[in-house]
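Those protein sequence lines, which keep their order, are chains A and B.
Just so you know, the numbering used here puts 680 at position 672 of the first sequence, and the rest follows in order with no gaps.
Just so you know, the numbering used here puts 1201 at position 60 of the second sequence, and the rest follows in order with no gaps.
Beta carbons are placed, not taken as given, at the ideal position from N, Cα and C, and that holds for glycine.
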Amino acid sequence: MYFSDLGTIALILAAGFALYTIFAAAWGAQRNMPLLVKSALRSTLAVTFFLLLASAALVVSFLIHDFGVRYVAEQSSLSMLWYYTAAAFYGGQEGSLLYWSLMLSVFAAIFVFTSRRAPAVMVPYSVATLMGIELFFLFMLTTVSSPFTRVPIAPLDGNGLNPLLLDPGMLVHPPMLLMGYMSFSLPFAFAIAALITGHLNNDWLRAIRRWTLASWTIQTTGLILGAWWAYHVLGWGGYWSWDPVENAALLPWLTATAFLHSTMVQERRGMLKVWNLVLVIASFALSIFGTFEVRSGVISSVHSFAYSDIGGYFLAFLVIVIVFSSGLFLFRLPKLRPEQEFDSVVSREGVFLLNNLLLVGIAFATLWGTIFPLISAAFRGQAVTVGPPFYNQVISPLLAVLILAMGIGPLLAWRRTSTRALWKNLCVPAIGAALCALILPLVGVTDVLANIGFAICAFTAGAILYELWRGVRVRHKHGENYLFALYMLFARYRQRYGGYLVHLGMVALVVGIIGSHFFQQQQDSVLKSGQEMSIAGYRFVYFGNIDMNQSDSETVISQVQIWHDGQLLRYIYPGRTMYHNFGNQPASLISITTSGLTDLYVYLDDWSGNTQATIRVFVNPLVPLVWYGGALMLLGGVICWWPQRRRVVSTATRPSPGAAEPPRPASIEDKEAIV
Amino acid sequence: MQAAVTPPQRRRLPLSFILAGIAILGAVLYLVFANTQANAVYYMTVPELKHCTTCTVQAVRVAGVVEAGSVARNDARQMINFTITDGKQLLPVTYTGVVPDIFRPGIQVVVEGHYTGQGPFQAQTLLAKCPSKFQSATPTSK
């Protein structure tokens, strides 16, 4: 018996327990049989256990190089380092499906362990929904896309992972992104439970929000890591190319972001209930759509995932998800009435609504652009694609307004704000933005669009920092020193100030995008030893090539010096590695030197002998801000998500959790905002 | 809950909300459709391209497999010439710019550019299908 047989058995058992969970949970909840529900919860843990076992079996098969397993032979080879061999686990379709379902079951187990705090009526339906999704994946894994399929004769060595994937990015990006996709299942399951039971109170909404926040943070990580990986590996000097696969990952992120904002309107004012559930369900549907799109090959993408037949199954699943949720919606619509009315556009909820329209607008534009080849083929009989210019032109103005709203929104009070109070809060950042718009042309930034963008970013950053400063100053007046006051702000009002951090990160990221979009410079030169090229005040002196042979590959690197202002910055070694297993497919070793806020991106395009090289240099201003901003967004997301001890205590001691205006820390924030 | 207790008439949104909403939706739709028209790139097969009359001015995308032995690089001018095929017909391509790492004979590429009807296809963009996922990278061979 091989480990792969163990894996197959574990998958079948997991499927059995998942099926049991669905029926036991639903039946137990319908007939009010707590014991049956309890057995369903335990059976969820069994699913997790068997999926852990199956995954372990696959990892072990990889590590012992059991090439009798087709998937192992396709994805790994003897010469691969052990951590890439283990990471090959999710390198292909079968393994990534297994990883998806493993993560889903782990999250389901976490939910089961924490379910004591959740309302008892919701738990069984949530678990049943989660296991319904799980069952779909287990069905795929046991029938059409099994990672444990054996071949009669084991090859001596495996095919190996594609060289482009032999990068540290492989260790972090795919698991994060797949986990992000997967994690939208939990808010979805909660939303379905709310629709089935017809209860959607503030506590449950907060549970949905916390899980969505976790999903959002994971997905943000996955997206940023993906951009970083592309930037470091692909050699075209950019980090985002509006490829359908990238768009697919962005879509659920956009709707989840919209939800995280509009949910606050529901918590505070009891409005937008239907809209919120639509966003949660849309996020999940879009993550399934992404998987479908990526796997089915219906849309031509740079990432040619194997054209497999599982696309059809995903489409069927997507249709089931949409039909099921829409049916529940129509059934429950009468119960989801708003409790209050909108008063004024110039209010916090007004800006949230604007934010939602913009985010959904961006999502719509992205989806439209992604599936446009299908739409045009269906209606005009001719496949037409739209490239990056389309996305840039549509999304930039929307993003600009979104960033502006990000600066104004937190300064507005709920219900309505007087113009005078608004101006009092806005005048400082507005003056800052005006100064920025005046000074930039004087220092040589003359592009009008870029200047508008920078001014908007300056406004929003100013508004956030000014808000932080006022918070600190108020506490300082009460006798705290500045640093401690800042710490206390974050400790007391995590969501509010964590949110500000996310916003600041987003502003930094956008500044980076503007910088690299408008001011990237590129130069290609064929250099012989001792020759040099210069671009944007940097000199590149080329010395020669070094050729290194390894058992499975050959590496050529060029030695180059970077000079700036008459000083030697550093030696760099851009190069290429050719892998023999893949018909000498090269993988680039790109040299990126960060000098202040500018990236010098050097790529060895071609070479001849030891004394000639074709060097391509990109000067990418402000790109480091993309990464710093991304890191700040993550930090903010984690701070928002981090459990708040005080709140749990106050929830526990509160007599009626469903009261209309629970005394939350949030209401204290509100007063501060009005002051 | 108590659907009956709440006032039976539908709650109305203030006019200002409706106007603001319509303005934004209108702007989004306008941006999307106007830019779709402006940025459309036709996807064509090699035979379709050969009969295309508007491709001199309009950008088109063509997918194909790089023909073995057809790749010729010109380092001095950063140019690369090659031939792609859809399995039956051949199309010579000339391209200037970043050549993806995985570019080599036998892989599937998508070229985007202009075609005058004679001479090689003038590609502005060269996309190589990223074989991030394994198996045979040329779906046309299946």
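Q. What's the C-alpha gap between GLY1260(B) and PHE300(A)?
A. 39 angstroms
Q. Just the Cα atoms here: how many angstroms apart are THR16(A) and SER109(A)?
A. 14 angstroms
(Q) By the DSSP assignment, the beta strand (DSSP E) with ASN209(A) in it spans what residues? (A) Premise fails: ASN209(A) is in no beta strand (DSSP E) and is neither H nor E.
Q) Within this structure, are the beta carbons of SER533(A) and ILE598(A) separated by less than 9 angstroms? A) no
Q: Would you mind stating whether LEU203(A) and PHE119(A) have Cβ atoms separated by less than 9 angstroms?
A: no
Q) Skipping 5 residues on each side, what residues in its chain have a beta carbon closer than 8 angstroms to that of MET514(A)? A) ILE411, MET414, GLY637 and MET641
Q. Are THR1226(B) and VAL1187(B) touching if we call contact CB-CB under 9 angstroms?
A. yes
Q | Near-chain A residues of the segment 1177-1197 of chain B (beta-carbon distance less than 7 angstroms), N- to C-terminal order | A | THR1177, ASN1180, ALA1181, VAL1182, TYR1183 and TYR1184
Q: Please list the residues of the segment 590-616 of chain A that have a C-beta atom closer than 7 angstroms to any C-beta atom in chain B, keeping them in chain order.
A: GLY591, GLN593, PRO594, ALA595, SER596 and ASP614
Q.
Counting only C-beta atoms, is GLU1253(B) closer than 9 angstroms to chain A at any point?
A. yes
**Q.** Residues that PHE1158(B) contacts on chain A, provided the C-beta gap is smaller than 8 angstroms
**A.** PHE350, VAL353, GLY358 and LEU361
(Q) Distance cutoff 9 angstroms, beta carbons only. Does GLY369(A) sit that close to anything in chain B? (A) yes
Q | Within chain A, partners of LEU1166(B) - CB distance below 9 angstroms | A | LEU365 and GLY369
Q) How would you list, in chain order, the residues of chain A whose beta-carbon sits under 9 angstroms from the beta-carbon of ALA1264(B)? A) Simply none; closest approach about 13 angstroms.
**Q.** Rounded straight-line distance, which links the Cα of GLY99(A) to that of PRO183(A)
**A.** 10 angstroms
Q.
Below 8 angstroms on the Cβ atoms is my contact criterion, and I expect ALA371(A) with THR263(A) to pass it. Report the Cβ-Cβ distance as a whole number of Å.
A. 6 angstroms
Q) For LEU285(A), which of PHE387(A), LEU494(A), PHE325(A) and SER333(A) has the nearest alpha-carbon? A) SER333(A)
Q: Quick one: grab the DSSP three-state call for HIS511(A).
A: helix
Q. Any idea if TRP90(A) is buried or exposed, counting beta-carbon neighbours within 10 angstroms, 16 or more meaning buried?
A. exposed
Q.
Nearest by alpha-carbon distance to SER566(A): which of LEU576(A), ARG547(A), LYS536(A) and GLN558(A) is it?
A. LYS536(A)
Q.
Contact criterion: CB-CB distance below 9 angstroms. Does GLY415(A) meet it with respect to chain B?
A. no
Q. What do you reckon, are the CB atoms on PHE156(A) and SER69(A) nearer than 9 angstroms?
A. yes
**Q.** For PRO346(A), the nearest candidate out of MET586(A), ASP607(A), THR271(A) and THR228(A) (CA to CA)
**A.** THR271(A)
**Q.** Distance, VAL253(A) Cα to TRP236(A) Cα
**A.** 15 angstroms
Q. Would you report the Cα separation of ASN209(A) and LEU406(A), rounded to the nearest angstrom?
A. 33 angstroms
Q) Which residues in the same chain as ASN200(A) place their Cβ atom closer than 6 angstroms to its Cβ, once the five residues preceding and following it in sequence are excluded? A) In the sequence on display, residue 200(A) carries Ile and not Asn. Contacts found: THR137.
Q: Identify each residue in the segment 392-408 of chain A for which the Cβ-Cβ distance to at least one residue of chain B is less than 8 angstroms, and report them in chain order.
A: VAL392, THR393, VAL394, GLY395, PRO397, PHE398, GLN401, VAL402, PRO405 and LEU406
**Q.** DSSP state of ASP13(A) mapped onto helix, strand, coil
**A.** helix
Q: Quick one: residues in its chain with C-beta nearer than 6 angstroms to the C-beta of ALA22(A), no 5 flanking neighbours on either side, listed in chain order?
A: VAL55, PHE58, LEU59 and LEU146
Q: Could you name each continuous beta strand (DSSP E) segment of 3 residues or more that falls completely within the segment 530-568 of chain A, going from the start of the chain to the end?
A: 540-543 and 546-557
(Q) Under 9 angstroms, Cβ to Cβ, is there at least one residue of chain B near ALA667(A)? (A) Low local confidence applies: a pLDDT of 37 at ALA667(A) is under 50, so the model's placement there is unreliable, with the coordinate-based value given in what follows. No, ALA667(A) lies away from the interface with chain B (no Cβ there is under 9 angstroms from its Cβ).
Q: Determine whether the Cβ of ALA1161(B) lies closer than 9 angstroms to any Cβ atom of chain A.
A: yes
Q. With contact counted as at least three CB pairs below 8 angstroms, one residue from each stretch, are the segment 1240-1258 of chain B and the segment 1190-1197 of chain B in contact?
A. yes
Q. Does any CB atom of chain B fall closer than 9 angstroms to the CB of SER384(A)?
A. yes
Q) In chain B, what lies closer than 8 angstroms to GLN528(A) by C-beta? A) Chain B residues near GLN528(A): none, gap ~13 angstroms exceeds 8 angstroms.
Q | Neighbourhood of LEU231(A) by C-beta, 7 angstroms cutoff - its chain only, sequence neighbours within 5 removed | A | ALA257, LEU258 and TRP261
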